[in-house]
Structure formats: structure tokens, C-alpha cells
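A short write-up of the structure that comes next.
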Amino acid sequence: MKILVADDSKAMRMIVIRNLKSAGFSDATFSEAENGKQGLDSVKADKPDLILSDWNMPEMNGLEFCQAVTAEGIDVTFGFVTSESTADMRSLAEEAGAKFLIAKPFTPQAFQEAISLAVGS
Amino acid sequence: MLLSDEDLFTIGEGVWTSIADGFFEQAAPEDTKFEGKVVSAFVQITGDWEGVVSIRCSRALSETIASSMFALEPAELTDEEIYDAVGEIANMIGGGVKGIAEGENTLTIPVVAEGDEHVATVPGTTTENSVVAKVGNEPMLLQVSTRSSAAS
Chain H
1 MKILVADDSK AMRMIVIRNL KSAGFSDATF SEAENGKQGL DSVKADKPDL
51 ILSDWNMPEM NGLEFCQAVT AEGIDVTFGF VTSESTADMR SLAEEAGAKF
101 LIAKPFTPQA FQEAISLAVG S
Chain X
1 MLLSDEDLFT IGEGVWTSIA DGFFEQAAPE DTKFEGKVVS AFVQITGDWE
51 GVVSIRCSRA LSETIASSMF ALEPAELTDE EIYDAVGEIA NMIGGGVKGI
101 AEGENTLTIP VVAEGDEHVA TVPGTTTENS VVAKVGNEPM LLQVSTRSSA
151 AS
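Residue numbers (our numbering), protein chains in the order written: chain H, 1 to 121; chain X, 1 to 152.
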């Protein structure tokens with residue numbers, strides 16, 4: 001499984017990858033992006049199976065990234081990992097094509113459950 | 001008061017477990033003696049509940065955390081990586097506190113400061129929770145301050 005983690009914080013990318021490994025994805029191949037624009041380039045080049053993206057990022061934010069992936073018709077499961085998780089944001093995320101939104105702080109179980117549901121649906 | 005000191009410690013412990021290995025134990029307030037430079041990180045919560053969540057630890061502990069996070073030797077770390085690591089801990093603890101607060105609230109991005117022992121405060125707030133955790137042999141101070149108009 002190829003997983004792309006997009007976040008402008010290198011620390012948060014490391015934390016997300018650590019939690020994904022604990023959640024049973026230790027065999028996955030991980031790639032990283034610092035913003036949505038870099039993420040979109042990476043999606044086109046590497047064709048990941050799963051994208052986990054922050055919401056607030058420079059250049060292209062997570063919502064714009066998700067909308068761009070959906071507009072391009074790229075077949076990938078997209079989920080957000082973010083500090084903000086209002087009802088409006090969840091609604092915007094869903095409309096943009098995201099399958100889930102994980103709020104910080106999170107646990108490996110939160111990743112396991114959200115990804116299992118999204119991939120299974 | 002939004003939460004108890006025990007709640008704050010539990011949030012901190014949960015965040016620690018998700019970011020690093022090793023013990024995160026409750027310590028006595030008098031254990032807050034930082035050796036050398038000090039790093040502090042803040043996030044503010046604004047909206048229906050307003051306050052500040054902060055953490056403070058020694059530069060040495062910051063380096064240990066960042067070293068573990070990035071799988072780099074302390075000497076290889078940049079200041080930016082160290083501040084990023086400590087800032088994200090404050091961000092995640094802030095997310096936990098925000099999850100308890102009722103209503104619609106927003107978390108700011110973290111602000112990180114480093115220096116000799118220093119006062120770092122947000123005027124107009126009152127510290128309501130103060131917990132010391134022991135991480136390895138080093139203390140980490142976790143605090144929640146409430147904006148006076150929201151204090152109860």
C-alpha cells in the first residue's frame with residue numbers, strides 16, 4: 001500500500017507515519033508532501049492508494065488539494081488529519097470527496113478504524 | 001474550570017503515547033526545575049471558550065523529543081525541527097483541550113519561544129491548570145489558562 005502524508009509540519013508528518021505504522025500499516029510505502037501543490041504532484045507521479053492531509057497548509061490547502069484530486073478523477077482514498085473538526089469542515093470535506101476526518105489528538109486506533117471504514121466502503 | 005489537572009495530565013499522556021516511546025509520569029510541582037535553556041510552546045483557543053494551552057521544557061528534552069521523532073542525532077537537528085516538534089506537542093494537547101470545550105472553537109497555530117528561564121504569558125488570562133510530567137529524567141510543564149471573561 002502506498003500512503004502519501006501531506007502536512008507543512010515535518011514533525012506532524014513523522015507523528016502521522018508513526019501512528020499509521022502502529023495501526024498495522026508498517027509495510028506501507030510512505031511519501032510526504034509539505035503542501036497541497038506538492039501533494040498533487042506526488043499523487044500524479046506516485047499514484048498512492050491513500051492520502052492523509054492536513055487542512056491548513058501554505059500554497060494549496062488541504063481542501064483545495066482534495067478538490068483538485070477529485071476534479072482530476074484520481075482514484076484514491078482521501079482523508080484529513082487536522083486540529084479543526086467542525087461540522088462545517090466535515091461537510092466541506094465530504095463534498096470535496098474526502099472519506100474521513102481524523103481530529104488531533106489521535107490514536108493508532110483512530111487511523112485503523114477510519115481507514116478500514118473508508119477502504120471497505 | 002474547563003478541566004481538572006488530572007484531565008490535562010491524561011490528555012498529555014495520550015499525546016505523548018502517540019508521538020514517542022518512554023514514560024510520561026506525573027511529578028510534583030517542585031520538580032519544575034529546568035536545566036539550561038528553556039523552550040515553551042503555546043496554542044490559543046478562540047471562540048465560545050477562550051484560553052491558552054502551553055507546554056514548557058528544557059532545550060535538552062526538546063532535543064531528545066525531536067531526535068526520536070526525526071530519527072536524527074541531537075547534533076544533526078536544526079532549531080526549526082526542534083521547535084516544530086515541541087510546537088506540535090502543544091498543538092495536539094491544545095486539540096485535546098479544545099475537544100472538551102463546548103461550542104465552536106478554533107485552535108491557532110503554535111508559537112514557540114526559547115531562551116533562559118523566562119516569563120511567557122498571554123495578558124488577560126488566568127492559569128487554571130498546571131501539571132508537571134516527568135519525561136525520562138526531565139520535567140515538562142503543561143498549563144491551561146483561561147481568558148478572564150471565560151473563567152468560571
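For each residue, glycine too, the CB sits at the ideal point set by N, CA and C. Given the structure is predicted, the values throughout are model-derived calculations rather than measurements.
- Less than 9 Å separates the beta-carbon of X/Arg56 from that of X/Ala41.
- The Cβ-Cβ distance between X/Val135 and X/Trp16 falls below 9 Å.
- Residue-level contact by beta carbon fails for H/Arg90 and chain X, as no gap is shorter than 9 Å.
- Taking a Cβ-Cβ cut-off of 8 Å, the neighbours of X/Ile19 in chain H comprise Ile15 and Arg18, given in sequence order.
- As the crow flies, the alpha-carbon of H/Gly79 is around 16 Å from that of H/Glu34.
- Here the alpha carbon of H/Ile102 sits roughly 31 Å from the alpha carbon of X/Ala60.
- For H/Pro48, the closest C-alpha among the options H/Arg18, H/Phe65, H/Gly62 and H/Val5 is that of H/Val5.
- With a beta-carbon spacing of about 11 Å, H/Leu50 and H/Thr29 fall beyond the 8 Å limit used to define contacts.
- For X/Thr46, the closest alpha carbon among the candidates X/Asn105, X/Asn129 and X/Gly95 is that of X/Asn105.
- Note: H/Ile102 is bridge-paired with H/Val81 in the DSSP secondary-structure output.
- Within the same chain, and ignoring the five residues on either side of H/Met60 in sequence, the residues whose Cβ sits closer than 8 Å to its Cβ are Asn35, Gly36, Lys37, Gly39, Leu40 and Ala68.
- Here H/Ser42 has Leu4, Ser31 and Ala33 as same chain residues with Cβ atoms under 6 Å from its own Cβ, once five neighbours each way along the sequence are excluded.
- At a cut-off of 9 Å between beta-carbon atoms, H/Met57 makes no contact with chain X.
- Scanning chain X for C-beta atoms nearer than 7 Å to the C-beta of H/Ser9 yields Asp84 and Glu88, reported in chain order.
- In its chain, beyond the 5 residues on either side, Arg56, Cys57, Ser58, Arg59, Glu114, Gly115, Asp116, Glu117 and His118 have a beta carbon closer than 8 Å to the beta carbon of X/Val38.
- Close to chain X, meaning a Cβ-Cβ distance shorter than 7 Å, are the following residues of the stretch 91-106 of chain H: Ala103, Lys104, Pro105 and Phe106.
- Around the beta-carbon of H/Gln109, fewer than 16 other beta-carbon atoms lie within 10 Å, marking it exposed.
- Listed in chain order, the beta strand (DSSP E) runs fully inside the stretch 34-86 of chain X are 38-47 and 51-58, counting runs of at least 3 residues.
- Residue environment for X/Ile100: exposed (fewer than 16 other C-beta atoms within 10 angstroms of its C-beta).
- Chain X places a beta carbon closer than 9 Å to that of H/Glu84, counting this residue as a contact.
- In the DSSP assignment, the residues bridged to X/Ala133 are X/Gln26 and X/Met140.
- The C-beta distance from X/Gly124 to X/Leu107 rounds to 18 Å, too long to fall under 8 Å, and the pair is not in contact.
- A Cβ of chain X is located within less than 9 Å of the beta carbon of H/Pro108.
- A straight-line Cα-Cα distance of about 46 Å links X/Phe23 and H/Ala71.
- For the stretch 39-85 of chain H, the full-length beta strand (DSSP E) segments reaching 3 residues or more read 50-53 and 77-82 along the chain.
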